[in-house]
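Just so you know, we're using our numbering here: the sequence shown kicks off at 0 and counts up by one. In this text, a Cβ means the ideal position worked out from N, Cα and C, and glycines have one as well. Structure first, commentary second.
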Amino acid sequence: MVLRGYVPTSEETLQTLAALRLQSLNSDFSTHAPFPRLEELFPPHVLHARLPPPRRRPPTKCRGARLRAGLLAGGLWGQALAKQRAERDQRLRGRLREEGASTMAAIVEKWKLLQGMGRPEAMAAYVALVREWPGFGSTLFDVDLRMVRPRQGRGGGQPRQRAALTPLSLQSPVGSGPQRLWLGIGAKAVSLYKPGEPEPLDSFCYSRISSFGASDSSTFRLSVEDRDLLFETCQVDEIAQLLNTYLTSMGTRRPPQPQEPATSPPASDPPALPQELCPAAGPWQHRLPVGSFHS
Numbered sequence: 000m001v002l003r004g005y006v007p008t009s010e011e012t013l014q015t016l017a018a019l020r021l022q023s024l025n026s027d028f029s030t031h032a033p034f035p036r037l038e039e040l041f042p043p044h045v046l047h048a049r050l051p052p053p054r055r056r057p058p059t060k061c062r063g064a065r066l067r068a069g070l071l072a073g074g075l076w077g078q079a080l081a082k083q084r085a086e087r088d089q090r091l092r093g094r095l096r097e098e099g100a101s102t103m104a105a106i107v108e109k110w111k112l113l114q115g116m117g118r119p120e121a122m123a124a125y126v127a128l129v130r131e132w133p134g135f136g137s138t139l140f141d142v143d144l145r146m147v148r149p150r151q152g153r154g155g156g157q158p159r160q161r162a163a164l165t166p167l168s169l170q171s172p173v174g175s176g177p178q179r180l181w182l183g184i185g186a187k188a189v190s191l192y193k194p195g196e197p198e199p200l201d202s203f204c205y206s207r208i209s210s211f212g213a214s215d216s217s218t219f220r221l222s223v224e225d226r227d228l229l230f231e232t233c234q235v236d237e238i239a240q241l242l243n244t245y246l247t248s249m250g251t252r253r254p255p256q257p258q259e260p261a262t263s264p265p266a267s268d269p270p271a272l273p274q275e276l277c278p279a280a281g282p283w284q285h286r287l288p289v290g291s292f293h294s
């Protein structure tokens, strides 16, 4: 979880977590202790984020210019460009090695400060740091939010109350393309995060979820009160199975329902969960046993 970048926190905290991991694996610092590779201690994407982004040339609009560029690319100019790219890649690899060495040195210095800490204490401190993130214990899925749309009306029934989807109900990302998010599924709530952001955009306790299911092999639908959220993901089955598992464990399982046409009969309101399972206000709090954490 930490190494895959699913714990949004500062680099200082990530270095401390790496030092605690070393202490739990090798006990006190020693030059003779086996040393894991940096990518086994520290999220690699953090180092790559320090590198300057590649420069992008504006696209050539003129067809004749594109043709000339294609012809030149196969000659001496193409060879020169290939040489420039190779030199740039070599510089980036050198910069990456420097950043890695600097980060490893900072981790080792923090490891030395942990001298005398036992392995159980090191693991307890590691988990305590990770538990500070509100999403701790949830299973995170990379999804693309494709659409947020009002649910179709139901004949003969009272209109549903608008769901409190503050960031999502006021806009649909369809016009600018899908929006990459983390879908976090926990024991008490389903949450949506912007990647790297510690606080969720929205959290829905299970009493607010009226239905869910697969629209097709790569589209997952989550209906929250009066809104349908459509996600593109390659893990449709995994998401549905995990939601079913949590609902079953609570004794409030409702099978996924297909998209209802406008002529469907009125549906009964979903059963209310106990108050402790569905906080009415305040930030979402999600706590699970320590044993549920996997880095």
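Residues near R150 in its chain [Cβ-Cβ closer than 6 Å; skip 5 each side]: D225, D227
Contact check, I208 vs T138, beta carbons under 7 Å: no
Length of the line joining the Cα atoms of V1 and S210: 31 Å
Segment contact flag, the stretch 96-107 with the stretch 13-22, C-beta cutoff 8 Å, min 3 pairs: yes
Run of the beta strand (DSSP E) containing V142, from where it starts to where it stops: 138-149
Assigned secondary structure, R161 (DSSP; H/G/I helix, E/B strand, else coil): Interpretation of R161 is limited by its pLDDT of 37, a score under 50 that renders its predicted location unreliable; the figure taken from the coordinates is listed afterwards. The answer is coil: DSSP assigns R161 none of H, G, I, E or B.
Coil, strand or helix - Q240 by DSSP: helix
Nearest to L46 (by Cα), restricted to the options Q78, A32, S9, P33: S9
For Q178, the first and last residue of its enclosing beta strand (DSSP E): 178-184
Collapsed DSSP secondary structure at L246 in the structure displayed: helix
Nonlocal neighbours in the same chain, by C-beta distance under 7 Å from P177, ignoring five residues either side: D143, L144, R145, E231
Where the beta strand (DSSP E) through L221 begins and ends: 218-223
Coarse secondary structure for G99, derived from DSSP in three states: helix
Exposure label - R118; buried when at least 16 CB within 10 Å: exposed
Those residues which DSSP pairs with D215 across a bridge: T218
CA nearest to the CA of S23, picked from E98, A121, S217, V6: A121
Any non-hydrogen atom of the ligand GTP within 6 Å of A18 CB: Of the ligands one can find in the structure shown there are none, so the ligand GTP has no counterpart to examine.
DSSP-derived helix/strand/coil call for V235: helix
For Y192, the first and last residue of its enclosing beta strand (DSSP E): 188-192
Alpha carbon of A186 to alpha carbon of C204, nearest angstrom: 9 Å
Any 3 or more C-beta pairs closer than 8 Å across the stretch 194-201 and the stretch 127-141: yes
Opening and closing residue of the alpha helix (DSSP H) in which S26 lies: From DSSP, S26 is part of no alpha helix (DSSP H); its letter is neither H nor E.
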